[in-house]
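Before any comments, here is the structure.
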Ligand SMILES: [Mg+2]
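In this note's numbering, the protein residues as written are 8 to 185.
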């Protein structure tokens, strides 16, 4: 169960629009790292949806420092790159390896304890975030149908882990079982 616990998101939200960013701010978080594919837009999107682009600007205006971490290579995504042009983006991040998290945290000049990672995949975004000491927020994929073949294969396993974690939490909360 130890491995399963290492995958535990600190928070789960239906989408990037349903995260309570004010609450994060008041809890002391000042930097937000977003996954791109199926977190901000569909997997492989060439541009950000307008709503996601607007949210990014809104969060920056609120005072958050923003960065982006993608396992994709970023090829043929020039419009997307232009949209994110003013923010640090690390492509080929190799999440859940922690090197790219460390590199981005250094670029953002932030600290682990004031940084939250937001992404749609447990075995990449969330696991890497937890290993890096970040607050980890799992969101549902924007479009599961657009997932890469590898992500599609991992989804049933993700659901299993989430079920195991939910069961474990319930056991902890049950006063008769503690
Ligand atoms: Mg993703």
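A virtual CB, placed ideally from N, CA and C, is assigned to each residue, including glycine. Just so we're clear, the structure is a prediction, and the values are computed from it rather than from any experiment.
- As the crow flies, the alpha-carbon of residue 175 is around 20 Å from that of residue 162.
- Sequence-distant Cβ neighbours of residue 55 in its own chain, meaning closer than 7 Å and more than five residues away, are 47, 48, 87 and 90.
- Across the structure, residue 136 and residue 65 are spaced so that their CA atoms are roughly 23 Å apart.
- Per DSSP, residue 10 lies in no beta strand (DSSP E); the unbroken alpha helix (DSSP H) holding it starts and ends at 9–13.
- By DSSP's assignment, residue 122 forms a beta bridge with 38.
- Residue 42 sits buried, since 16 or more C-beta atoms from the chains shown fall within 10 Å of its C-beta.
- With respect to residue 17, residue 143 sits close: the two C-beta atoms are nearer than 7 Å.
- Ligand 1 never approaches residue 79 closely enough for any of its heavy atoms to be under 6 Å from the residue's Cβ.
- Taking 6 Å as the cut-off, the C-beta of residue 127 counts as close to a heavy atom of ligand 1.
- Look at residue 57 here: in three-state DSSP terms it is helix.
- Cβ contact annotation for residue 98 (same chain, cutoff 7 Å, sequence separation greater than five): 77, 79, 80 and 81, in chain order.
- A distance of 7 Å or more separates the beta carbons of residue 140 and residue 132.
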